[in-house]
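Please read the structure below before turning to the comments.
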């Protein structure tokens, strides 16, 4: 039923929805009716023979997508929790992979590098205000995102961020204003990444993840291994609206249970090359 709701919400067309779902019109309509009965509110309304989401439907569709994604990840054995912290592991036949392990924030003080420690200190002193003087020393290392109309938009790319080092400053600069799934290397934007961002938007606090994956790199955009620690921080723009800060450190000692150590070794080799290129350009 959730799949029927999400598909109709995406298409707003019964014919297209039943074709995508492989069900009859009667089945689709029955699914929607059952969901509306359970929630006690209509999810759609018809106007000039065209489906539209009601206000309640607009509020419900994002969580419905998330529930579907979590269900698929759980059934596929990709998502779970270790000691109460989220983990995700995905391997595809073409060789692409994405592995994530959430870590306690206390790890920042015991295992992570100086940039993440300084970021938390600056964030606390600035009281989460992105323009506060106390935050400016670490801001060049950060990516900043804004959440608008159910999408994450890139608002700022720090010139000293690992994103800029990896893709090059011109590519990084061109990413401002793009949706997060339109950023270089984000065509594979997946459930685990969305889960991290959505949790931070809800808590507006802190989150630490270790990630091992592949991203396009170099002039040929060849997929190469990359490992990093990512600290997400809930912050505020000057107008008081929510800002998500992403601070990445590729020098971190990655701790993801079950991760092949050869992937980390390969990523470390790419890191060295990338920093050498940046140093020569500088």
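Numbering (the numbering used here), first residue to last: -4 to 277.
Built from N, CA and C at the ideal position, the CB exists for glycine as well.
None of these values were measured; they are calculated from a predicted model.
Closest residue to residue i among the options (Cα-Cα distance)
i: residue 62; options: -4, 24, 100; result: -4
i: residue 238; options: 264, 192, 256, 220; result: 192
i: residue 209; options: 232, 141, 94; result: 94
i: residue 33; options: 55, 261, 17; result: 55
i: residue 150; options: 1, 174, 100; result: 174
i: residue 46; options: 0, 218, 233; result: 0
i: residue 118; options: 29, 200, 213; result: 200
i: residue 198; options: 227, 233, 171, 260; result: 227
i: residue 285; options: 234, 245, 225, 254; result: No statement about residue 285 is possible, as the shown extent of the chain runs from -4 to 277 and does not include it.
i: residue 129; options: 113, 11, 50; result: 113
i: residue 196; options: 127, 168, 229, 233; result: 229
Where the beta strand (DSSP E) containing residue i begins and where it ends
i: residue 202; result: 201 to 212
i: residue 138; result: 137 to 143
i: residue 77; result: 74 to 77
i: residue 101; result: Here residue 101 belongs to no beta strand (DSSP E), and DSSP marks it neither H nor E.
Residue environment, residue i, which counts as buried when at least 16 other CB atoms sit within 10 Å
i: residue 264; result: exposed
i: residue 91; result: exposed
i: residue 104; result: exposed
i: residue 170; result: buried
i: residue 19; result: exposed
Beta-carbon proximity list for residue i, same chain, < 7 angstroms, skipping 5 on both sides
i: residue 102; result: 203
i: residue 4; result: 48, 52, 56
i: residue 190; result: 81
i: residue 106; result: 248
i: residue 223; result: 157, 206, 243, 244, 245, 247
i: residue 254; result: 94, 207
i: residue 172; result: 148, 149
Limits of the alpha helix (DSSP H) - the one that residue i falls within
i: residue 160; result: 157 to 162
i: residue 98; result: Run containing residue 98: none in the alpha helix (DSSP H); it sits in the beta strand (DSSP E), 92 to 98.
i: residue 250; result: Neither: residue 250 is in no alpha helix (DSSP H) and is coded neither H nor E.
i: residue 234; result: Counting along the chain, residue 234 falls outside any alpha helix (DSSP H), and DSSP gives it neither H nor E.
i: residue 131; result: Taken as a continuous stretch (DSSP letters only), residue 131 belongs to no alpha helix (DSSP H), as it is neither H nor E.
i: residue 26; result: 20 to 34
i: residue -3; result: -3 to 6
i: residue 125; result: Looking at the DSSP string, residue 125 is not in any alpha helix (DSSP H), and its letter there is neither H nor E.
i: residue 10; result: 9 to 16
Contacting residues, own chain, Cβ-Cβ under 6 angstroms from residue i (five flanking each side not counted)
i: residue 31; result: 37, 38
i: residue 258; result: 207, 220
i: residue 270; result: Because the pLDDT of residue 270 is 43, which lies under 50, any placement of that residue in the model is unreliable, and the number read from its coordinates should be weighed accordingly. Nothing meets the Cβ criterion.
Beta-carbon gap between residue i and residue j smaller than 8 angstroms
i: residue 123; j: residue 138; result: no
i: residue 140; j: residue 243; result: no
Close-in-space but distant-in-sequence residues of the same chain around residue i (CB under 8 angstroms, 5 per side omitted)
i: residue 77; result: 96, 252
i: residue 110; result: 133, 136, 242, 244
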